[in-house]
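Going by my numbering, the first residue of the sequence shown is number 50, and it counts up by one from there.
What follows is a single structure, written as structure tokens, with notes after it.
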Amino acid sequence: MQKRIWIILMLVMTATVLSAQRFEGGILGGFNGTQVEGDRYKGYNKPGLLVGAFVQTDLAPAVFAGMELKYSQKGARSRSLLKQNRIIGNENDEIPVEPVSQKYIMRLGYAEMPIFVGFRTSEYISVVGGISLGYLMHAAEYDDYGRFPEEDEQAFNHLDIQPFVGFQYDLLDQLKLDLRLAYSVLPIRGKPIDNYYWITSQYNNVISMALYYKFGRGY
């Protein structure tokens, strides 16, 4: 079902580009730096792939709007060192304390459809903002022992809504660099009552960088 929705959206997007000459389209690719607000792990430590396609059109000489369809990897990652200073028989720290690794990885994959408006502030720079609708395609969590058992997994919400803001810099007539900040307004999953290591409900927090290559004529 997920693949069918993705294929239908791609076909609609392609038909729009082919049938409306004043629309311009292209492909995009880049990376996410992500974290999940609400857990105990800080920092944009989880890298993720970002690929897709876009269309846009001019609304005015300095204003444009468009939409994208893309696959976006998000999640969280931590590898912290914990000191085991309460080993039996080592209450007085007679044995040197060795740090141990604590691994945690959350991997989320979304099909997303951002809708945006952009304002050209100069010949090469534009400010963009909009909202992205995401559908969760797959999710997994890992620790030092591998993937979480099914009975230990807490279900994620399928829908993710993220307002975003950023800017674009024209590198060439058909190539631009896009930088964005995005934050979920709906939790990706709620906090279970009996879970001690979650602070609150969890939200995606994403910094993305991508290159956009436009087909056809320049802007």
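Note that CB positions come from ideal geometry on N, CA and C, so glycine has one too.
8 Å Cβ cutoff, residue i in contact with chain D
i, result
"Gly115", "In the structure shown, chain D cannot be found, because there is only a single protein chain."
Straight-line gap, residue i to residue j (C-alpha atoms, nearest Å)
i, j, result
"Ile137", "Val214", "Caution is warranted here: a pLDDT of 49 is assigned to Ile137, below 50, making its placement in the model unreliable, and the coordinate value is therefore given only provisionally. So the two alpha carbons sit approximately 53 Å from each other."
"Gly183", "Pro198", "26 Å"
"Leu221", "Tyr262", "9 Å"
"Ser250", "Arg238", "6 Å"
"Phe72", "Lys123", "30 Å"
"Ser175", "Asp209", "26 Å"
"Gln70", "Gly265", "Caution is warranted here: a pLDDT of 49 is assigned to Gln70, below 50, making its placement in the model unreliable, and no coordinate value can be reported."
"Met312", "Leu260", "Nothing can be reported for residue 312: it is not among the residues displayed for the chain, which extend from 50 to 268."
"Leu157", "Leu230", "18 Å"
"Tyr120", "Tyr194", "28 Å"
"Val234", "Gln211", "6 Å"
"Ala160", "Asn206", "14 Å"
"Glu190", "Ala204", "11 Å"
"Gln105", "Glu200", "45 Å"
"Gly82", "Leu108", "31 Å"
"Val177", "Tyr232", "15 Å"
"Tyr173", "Gly92", "31 Å"
"Pro236", "Glu202", "16 Å"
"Leu228", "Ser127", "24 Å"
"Asn134", "Ala125", "Because the pLDDT of Asn134 is 47, which lies under 50, any placement of that residue in the model is unreliable, and the number read from its coordinates should be weighed accordingly. Distance between the alpha carbons of Asn134 and Ala125: 28 Å."
"Met155", "Ser181", "21 Å"
"Ile164", "Ala188", "24 Å"
Segment limits, beta strand (DSSP E) that includes residue i
i, result
"His187", "Ile174 to Asp192"
"Ala259", "Tyr252 to Lys263"
"Val104", "Lys95 to Ala109"
"Phe213", "Leu208 to Leu221"
"Lys225", "Leu224 to Tyr232"
"Glu86", "Glu73 to Glu86"
Proximity to residue i [Cα-Cα], best of the options
i, options, result
"Gln151", "Ile180, Ser171, Asp192 and Ser121", "Asp192"
"Gly75", "Gln223, Arg229 and Val234", "Gln223"
"Ser171", "Gly158, Asp227, Leu228 and Gln217", "Gln217"
"Pro110", "Thr83, Phe168, Val104 and Tyr159", "Phe168"
"Gly179", "Ala188, Glu190, Val166 and Ser127", "Val166"
"Arg196", "Gly82, Tyr153, Tyr173 and Gly101", "Tyr153"
"Gly79", "Leu226, Arg126 and Asn206", "Leu226"
"Gly101", "Leu77, Gly82 and Tyr93", "Leu77"
"Met162", "Phe103, Leu228 and Gly92", "Phe103"
How do the stretch 92-107 and the stretch 250-266 stand: do at least 3 beta-carbon pairs fall below 8 Å, yes or no? Because the criterion of three Cβ pairs below 8 Å is met, the stretch 92-107 and the stretch 250-266 touch.
Under 8 Å, with one C-beta from each stretch per pair, do the stretch 81-92 and the stretch 105-115 reach the 3-pair mark? Contact between the stretch 81-92 and the stretch 105-115 is absent, because fewer than three Cβ pairs lie under 8 Å.
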